[in-house]
Structures are given as C-alpha cells and as structure tokens.
Amino acid sequence: MKHIACLVGIAGITFIFFLLAFYVEKNIALYNMVVPHAGVQLDQWLDSFWHWAIVGIIISGVASLFWYILGQWVFKINRWEKSGKRGIWLCFILLPVVAIILEWIFTKKAQAGAWPAYLFYALNGLLCYYLATALCSPSSFKYTPLLASRVWRRAW
C-alpha cells in the first residue's frame, strides 16, 4: 500500500506542476509579458510554451518514477549513507536538465518577455523532480536527494 501512496504522490506532484504551468504560467504570467516576433501570434507562442512545458514536466515525472522504481525494487541496502546512490540520483536530474535545454532551444523566439518562460521551464523541471524524489523516495533512500533530511525534518 505504501508503494501505491508514493507512486500516487509522484503523479500528484507532477500533476500540480501541469496545473501551475497552464493556469498560472501560461494564462496569467506570460500572457501579459511576452511580445512575439512579427508573424507569430501570442496564442501560437503560448501554445509553443505549453507544449514544451508539458514535455519538461513529463520527463521530470518519469525521472522521478525511475528513481523510485530503482530505489524500491532494484537497489538493496541497509544504510543509505553507505550506498553511494546519491550519484545516481544526480544522474537522473540530468534528464530534466536536458529537457530544459531542449525547451530553451525549441521555444519560438520573442521580442520581449521570454525570460520568465525560460525561468518557468527550469523551475518546472527541477522542482518537479526534486520535490517528487525528496517527498516520495523509497524509505531506504528518502534522505538521498540533496537536503532531503532537512525537508523531512521540517515537513513531518
């Protein structure tokens, strides 16, 4: 049952980032800030942002799921400090980083106001992965994400 709760937690965190990207970032924050280049309508630019935001959030969610699956059913340890798995956790963060770079490259250019979109891409990808792994890692690895011990002490 605990496994289902963690998997639902990862999916829930990912879904929250979907909602934030659509309702807050796209429709509120960027709608009034972005000035697209000539020939590109604002709605087209925002659709491009939304498309790439979804890609980044999905990749972050999948990376979180991979981390959970490996930690729960593949890695076997007694003490997380001695396991040396933080390096693997850091390798998984490369997936959202690659997604962020692709988002920056393939988002349509704008005359002004695009920098918040790039910031949102980075925050969506990195925070989605971090929160999902810090709050929903397997119990043997719940302190493996950076600063997760502080998150757990303050959250619970």
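In terms of numbering that gives the first Met the number 0, the sequence shown opens at residue 0 and continues consecutively. Here a beta-carbon is modelled for each residue, glycine too, at the ideal position from N, C-alpha and C. It should be emphasised that the depicted structure is a prediction, and the values quoted were computed from it without experimental measurement.
| task | In the DSSP assignment, find the alpha helix (DSSP H) that holds Ala20 and state where it starts and stops. | result | Segment: none, Ala20 is in no alpha helix (DSSP H) and carries neither H nor E.
| field | Separation of Lys25 from Trp49, as counted between CA atoms | value | Answer to the nearest angstrom: the Cα atoms are 7 Å apart.
| task | Give a yes or no on contact between the segment 110-117 and the segment 13-29, applying the rule of three or more CB pairs nearer than 8 Å. | result | The segment 110-117 makes contact with the segment 13-29: 3 or more CB pairs, one atom from each, lie closer than 8 Å.
| Buried or exposed by the 16-neighbour rule on C-beta atoms within 10 Å, applied to Gly83 | Counting Cβ neighbours within 10 Å, Gly83 comes out exposed, since fewer than 16 surround it.
| task | Please confirm whether Tyr129 and Ala52 have their CB atoms less than 8 Å apart. | result | At a Cβ-Cβ threshold of 8 Å, Tyr129 and Ala52 do not count as neighbours.
| Ala37 classed as buried or exposed, judged by whether at least 16 other C-beta atoms fall within 10 angstroms | Around the beta-carbon of Ala37, fewer than 16 other beta-carbon atoms lie within 10 Å, marking it exposed.
| message | Please report the distance separating the alpha-carbon of Lys107 from that of Ser139. | response | So the alpha carbons of these two residues sit roughly 43 Å apart.
| said: Taking the straight line between their C-alpha atoms, what separation do you get for Gly11 and Gly124? | reply: C-alpha separation (whole angstroms): 15 Å.
| field | For Pro137, the three-state DSSP class (helix, strand or coil) | value | Pro137 sits in coil when the DSSP states are folded into three classes, being neither helix nor strand.
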